[in-house]
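In what follows, a structure is listed as structure tokens, so that the remarks can point back to it.
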Amino acid sequence: KNEIMVHFPVRMDDGHHRLFKGYRVQHNNALGPYKGGLRFHKDVHLDDVKSLALLMTLKNSLVRVPLGGGKGGVKCDPRALSAGELERVTRRFTAAIINDIGPDYDIPAPDVGTNAQMMAWIADTYQMSSTERHHEGMRVVTGKPIEIGGSLGREKATGQGVVDVLCEMLPAMGVPIDGMTVAIQGYGNVGSWAGRILQKMGARIVAVQDHGGQLRNEGGFDCDALAAHVREHGSIAGFETSNSVTGSGHHTSRGAEVISDEDFYRTPCDVFIPAALEQMINARTADWLHCRVVIEAANGPCTPEGNAILASKGIEVIPDILANAGGVTVSYFEWVQNKSCVIWDEETVDRELNRHMCMAARRTMLAKQKYQVDLRTAAYAASLEHIGKVYLTRGIFP
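Numbering (the working numbering), first residue to last: 26 to 423.
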């Protein structure tokens, strides 16, 4: 429906001003307020944001949360900005789009390059600029810190949702969770939580890649230790030589080795989890994969050419609008809690998330059987059917 592009100046630490470009795309609000993340990345482009906003519409419909689709971003490299610069960019971008967002109109959330602290800055900027007497400004974003209305379970939600979908769908594919091997591309919030949860369920994480490089460990990584290393050092680079030890005295990096990009993709595994950026599985890399299932924890990680190659190899692809919907589902829970002035415990959040994700997985599998199509087409069909029914019920004004 709406494409918003803004340019805004920010004073940098050295006293100079730099001009930044930002976007907010509002795709569809037939089901409810626009909802979707904000990403801060050096390669943010309008066409990408438009595609991601469309995916949000389909995703929210598939999991049956009463929210529409939107997406936004700022073209910048957050790792190259100081903490003060990042705060000023975030607040200045919020000021630039402040008339285009709102607690019941358009509700941003974290995405690539953004986090809970940045959501707090957005909420504070919005509330300090609002003329409303009632204090609803904190509802303008989700993914906030717990102290200002965030939801328990939100940090792990997308990774937990990936695992919930796997538990629902893998039995029909003949892949047991206990003992299965997994490769994870991207070890940020989503990839690390998925890895940690799967490891606790008996899976073995045998290969990991992020912007710092690629590692393989045929015996399986200590995913908690790897996540701690990433928090401290910013990437998985150097983990293979780390000296941290477990409580039993074993080195957490034991067995880890650095490998090439191609070797990472060629690592045999049962499940491959792309949890990084778009278009990572393309005509070249798809041919290298040796797995049984790909579950798209990232948005749009497969190109059409890559998807066709996976299909020709008999690799099942669980699509992004199903696989990574856990984040927006718990964002919806956060929004509901804020509106109702209640706080759910983490057990309630996890239980409701599991229910939503399992029902969405079942809808997708039923559509696959009904239309005799692949899982991606089935997920789109199940989503669009729901949106179509909403439009038919609402009718056309006047």
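Ideal Cβ positions, reconstructed from N, Cα and C, are used throughout, including at glycine.
Nothing here was measured: the structure is a model prediction, and the numbers come from that model.
Whole angstroms are fine: how far does the CA of residue j sit from the CA of residue i?
| i | j | result |
| --- | --- | --- |
| Ala219 | Ile421 | 43 Å |
| Asn332 | Gly162 | 42 Å |
| Arg221 | Pro423 | 53 Å |
| His66 | Thr139 | 9 Å |
| Gly61 | Asp247 | 32 Å |
| Gly47 | Pro103 | 13 Å |
| Leu195 | Pro201 | 7 Å |
| Thr402 | Pro299 | 19 Å |
| Val318 | Ala208 | 11 Å |
| Val190 | Ser260 | 27 Å |
| Asp39 | Glu110 | 10 Å |
| Ala78 | Ala120 | 21 Å |
| Asp288 | Asn242 | 12 Å |
| Ala336 | Thr389 | 17 Å |
| Leu80 | Asp73 | 11 Å |
Taking all protein chains shown into account, do 16 or more other C-beta atoms lie within 10 angstroms of the C-beta of residue i, making it buried, or fewer, making it exposed?
| i | result |
| --- | --- |
| Glu180 | buried |
| Ala323 | buried |
| Leu391 | exposed |
| Gly178 | buried |
| His41 | exposed |
| Tyr151 | buried |
| Gly168 | buried |
| Arg309 | exposed |
| Gln397 | exposed |
| Arg164 | buried |
| Arg419 | exposed |
With a CB to CB cut of under 8 Å and the five nearest residues on each side skipped, what residues in its chain are close to residue i?
| i | result |
| --- | --- |
| His315 | Arg291, Thr292, Pro293, Cys294 |
Which class does residue i belong to by DSSP, given the choice of helix, strand or coil?
| i | result |
| --- | --- |
| Ala322 | coil |
| Val361 | helix |
| Tyr405 | helix |
| Lys84 | helix |
| Ala208 | strand |
| Gly95 | strand |
| Pro34 | strand |
| Tyr130 | coil |
Whose C-beta lies closer than 7 Å to the C-beta of residue i among residues of the same chain, with five residues either side of it excluded?
| i | result |
| --- | --- |
| Phe264 | Leu240, Leu251, His254, Ser278, Ala281 |
| Gly227 | Ile202, Asp203, Gly204 |
| Val374 | Ser176, Leu177, Gly178, Val355, Phe358 |
With a CB to CB cut of under 6 Å and the five nearest residues on each side skipped, what residues in its chain are close to residue i?
| i | result |
| --- | --- |
| Asp446 | Outside the modelled stretch of the chain, which goes from 26 to 423, sits residue 446, for which no answer is possible. |
| Asp136 | Gly62, Leu63, Arg64 |
| Ser408 | Leu83, Ser86, Leu87 |
The ligand FAD and residue i: does the residue's C-beta get closer than 6 Å to at least one heavy atom of that ligand?
| i | result |
| --- | --- |
| Ile298 | In terms of ligand content, the structure shown is empty, and the ligand FAD therefore cannot be addressed. |
Could you pull the DSSP bridge partners for residue i from this structure?
| i | result |
| --- | --- |
| Glu28 | Val50 |
| Glu341 | Val318 |
| Gly238 | Asp235 |
| Ile284 | Gln239 |
| Pro299 | Gln210 |
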